[in-house]
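Sequential numbering from 14 applies to the sequence shown in the working numbering. Backbone N, C-alpha and C define an ideal beta-carbon position, used for all residues, glycine too. Just so you know, these numbers come straight off a predicted model, no measurement behind them.
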Amino acid sequence: MRTDKILITGAGGQLGTVLTKQLQEKHGFDNVIASDLIINSSFEGCFEVLDVTNFDALKNCVLKNEITQIYHLVAILSAKGEEAPLQTWDINMGCLFNVLEVSRLCKIDKIFYPSSIAVFGDNIERDNTPQSPNLTPLTVYGISKASGENWVNYYCNKYGLDIRSIRYPGVVGYQSLAGGGTTDYAVDIFHKAVREEGVFSCFLKASTQLPLIFIDDAIRATIELMDAPAQNIKIRTSYNLAGFTCTPEELYNAIKQVYPDFKIAYYPDFRQVIADSWPNSIDDSSAIDDWNWKPKFDLESMTHVMIKELKKKFKATIV
Ligand code: SER
14 MRTDKILITG AGGQLGTVLT KQLQEKHGFD NVIASDLIIN SSFEGCFEVL DVTNFDALKN
74 CVLKNEITQI YHLVAILSAK GEEAPLQTWD INMGCLFNVL EVSRLCKIDK IFYPSSIAVF
134 GDNIERDNTP QSPNLTPLTV YGISKASGEN WVNYYCNKYG LDIRSIRYPG VVGYQSLAGG
194 GTTDYAVDIF HKAVREEGVF SCFLKASTQL PLIFIDDAIR ATIELMDAPA QNIKIRTSYN
254 LAGFTCTPEE LYNAIKQVYP DFKIAYYPDF RQVIADSWPN SIDDSSAIDD WNWKPKFDLE
314 SMTHVMIKEL KKKFKATIV
């Protein structure tokens, strides 16, 4: 058995920041190479400046570091992607193709590819959305993820690569801000509340129900999926994954328990249309059956940790 050497692309993002630390703990500091276009000044560990749209740069990085596993997190998200649809397609798909081809050529053992609730669209049952409905995504991000799932499945079948994937709900974490997504409101609202600086402007309607997941659960799901025996992975497109589900109003009310004077105002914008095409809740029974998935956090427990951790963080930046 060769030692696992991990490459994380998009390591500076919302998931990458936390996943990098967890993988460093699991595989050893020197066996995890984080990569992104720029390095964060507070980053600790091995880092490569890497543009994944550059095939040769990716391949050289994999060969030089004797990489055996890739977590490919680079993507332009749903809301941001709508500003430049064709460029978003080029980047999201170009990076994926480079990762798939380099993985094939360099005989990478395991690859992780994040998908999203954005793959769904107007033709789904919104409650408890099943694993395999007709996918008609509304955004270019969703189209790239739905296509990406099929390409992942293709590389698994045709070349025998071991690629695993999750359709993440909106991820909520305190370590970094989300960037360019439709579920970002659920992160931003905590920052506003804890800073106690006025009214939070929510870009979705009060009643918009969406599936969310606390970052600890999202990262644990990723690692549990990657650790599962290969024969348990029955779905090679991407697994539905549920954390909990809530509306902006319910999230606001949970925060208000701690900050009774906190105020919210609703100004739905173009992101409302995107959110309306996504599930209210998710059927993740395949993840439960195949690799024993079980979330630990609900709205209340997530709210508690988010507020506690953000308070610590803001206190540390003020001192
Ligand atoms: N959180 C993502 C977004 O809102 C969905 O995967 O774009």
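How would you call K205, buried or exposed, if buried means at least 16 neighbouring beta carbons within 10 angstroms? The residue in question, K205, is buried, as its Cβ has 16 or more Cβ neighbours within 10 Å.
DSSP bridge partner residues for H317 (one or two, in chain order): In the DSSP output, where bridge partners are listed per residue, H317 has none listed.
Tell me where the alpha helix (DSSP H) around S299 begins and ends. Start and end: 298-304.
Unbroken beta strand (DSSP E) runs of length 3 or more, entirely within the region 264-297: which are they? Runs found: 276-279.
Whether or not the region 23-43 and the region 53-62 are in contact is what I'm after, with contact meaning three or more pairs of Cβ atoms, one per stretch, closer than 8 Å; do they touch? Remark: three or more beta-carbon pairs, one from each stretch, lie closer than 8 Å, so the region 53-62 and the region 23-43 are flagged as touching.
Per-residue DSSP class, three states only, for E237: If DSSP states are grouped into helix, strand and coil, E237 belongs with the helices.
If we ignore side chains and look at the alpha-carbon of each, how far apart do S294 and C259 end up? For S294 and C259, the distance between alpha carbons rounds to 9 Å.
Nearest neighbour of V115, chosen from E79, E61, Q244, N147 [CA to CA]: If we check each option's Cα against that of V115, E79 comes out closest.
One or two residues paired with A47 in a DSSP bridge: Under DSSP, A47 forms a beta bridge with I21, F60.
Looking only at its own chain, which residues have a Cβ that is under 8 Å from the Cβ of G192, when we skip the five neighbours before and after it? Taken in chain order, the residues that qualify are G26, Q27, L90, K93.
Buried/exposed call for P292, threshold 16 Cβ in 10 Å: Looking at its Cβ environment, which holds 16 or more other Cβ atoms inside 10 Å, P292 is buried.
Contact belief for L20 with I83 at Cβ below 8 Å, rounded distance in angstroms: Confirmed, about 5 Å.
Below 9 Å between beta carbons: does that hold for V165 and I124? Going by C-beta atoms, V165 is nearer than 9 Å to I124.
Considering Cα atoms alone, identify which of D49, V31, N253 is closest to R180. Out of D49, V31, N253, N253 has the C-alpha closest to the C-alpha of R180.
Which of helix, strand or coil DSSP assigns to P261: Looking at P261 - three-state DSSP - the assignment turns out to be helix.
Considering G41, what are the terminal residues of the alpha helix (DSSP H) in which it resides? No alpha helix (DSSP H) contains G41, which DSSP labels as neither H nor E.
Would you say the beta carbon of V165 is closer than 8 Å to some non-hydrogen atom of ligand 1? The answer is no for V165.
Give the secondary structure of C215 by DSSP, where H, G and I count as helix, E and B as strand, and everything else as coil. Of the three classes helix, strand and coil, the one that applies to C215 here is strand, per DSSP.
Compare the C-alpha of F110 against each of K72, A243, G29, K307 and name the closest. When each option's Cα is compared against that of F110, the closest is K72.
Among A219, E138, E210, whose alpha-carbon lies nearest the alpha-carbon of Y198? Ranking A219, E138, E210 by Cα distance to Y198 puts A219 first.
May I ask you to report which of helix, strand or coil DSSP gives R15? DSSP places R15 outside both helix and strand once states are collapsed to three, so it counts as coil.
Opposite L223 in the DSSP bridges: which residues? Its beta-bridge partners are C259.
Should D135 be counted as a contact of ligand 3 given a C-beta to heavy atom distance under 8 Å? Of the ligands this structure carries, namely ligand 1, none is ligand 3.
Consult DSSP for R249 and reduce its assignment to one of helix, strand or coil. DSSP places R249 outside both helix and strand once states are collapsed to three, so it counts as coil.
Spatial neighbours of N136 in its chain, beta-carbon cut-off 6 Å, leaving aside the 5 residues before and after: Setting aside the 5 residues that flank it on each side, N136 is surrounded in the same chain by N147, T149, each with a C-beta closer than 6 Å to its C-beta; the list follows chain order.
Helix, strand or coil for Y187 per DSSP? DSSP places Y187 in coil when its eight states are reduced to three.
Would you list the one or two residues that DSSP bridges to T142? T142 is bridged to I295.
Under a three-way DSSP split, which group does P182 fall into? Coil, per DSSP.
Any idea what DSSP makes of P98, helix, strand or coil? Of the three classes helix, strand and coil, the one that applies to P98 here is helix, per DSSP.
On the CB-based measure, 16 or more other CB atoms within 10 Å of its CB, does G194 come out buried or exposed? Here G194 is buried. Its C-beta has 16 or more other C-beta atoms within 10 Å.
Let me confirm a value: P224 is counted as buried when at least 16 other C-beta atoms fall within 10 Å, else exposed. Which label applies? With 16 or more other Cβ atoms within 10 Å, it is buried.
Does the pairing of the region 294-310 with the region 241-257 give three or more beta-carbon distances under 8 Å? Judged by Cβ distances under 8 Å, the region 294-310 makes contact with the region 241-257, as three or more pairs qualify.
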